[in-house]
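Undergrad: This is the structure I have questions about; it appears just below.
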Amino acid sequence: MIEALIGIFVVCLLPLVFSKISFKKRVMITAVSFLVLAGTFIIAIYITGDKPI
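Okay, here's the thing in structure tokens:
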């Protein structure tokens with residue numbers, strides 16, 4: 700479950716790294732992506748009751 704989320708996250712970030720987006724926009728998109736991922740982790744842990752560590 701957690702590994703799948705990380706895999707999806709990395710795949711989503713790869714185009715950003717190689718695209719010609721300005722640095723500020725790239726940082727903002729990355730920050731938003733991290734917030735979304737953190738929210739997904741919290742929800743997944745809350746629902747399943749699993750601890751990732």
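To convert, take the position in the sequence shown, counting from 1, and add 699; that gives this note's numbering.
Ideal placement from N, C-alpha and C gives every residue a C-beta, glycine not left out.
CB-CB under 8 Å to residue 704, same chain, minus the five flanking residues each way: which ones, in chain order?
TA: Counting only Cβ-Cβ distances below 8 Å, and skipping sequence neighbours, we find 736, 739, 740, 743.
Undergrad: By how many angstroms is the C-alpha of residue 729 removed from the C-alpha of residue 745?
TA: One C-alpha to the other measures close to 24 Å.
Undergrad: Look up residue 721 in the DSSP assignment and say whether it is helix, strand or coil.
TA: Note: residue 721 maps to coil in three-state DSSP.
Undergrad: Where does residue 748 fall in DSSP's three states?
TA: Coil.
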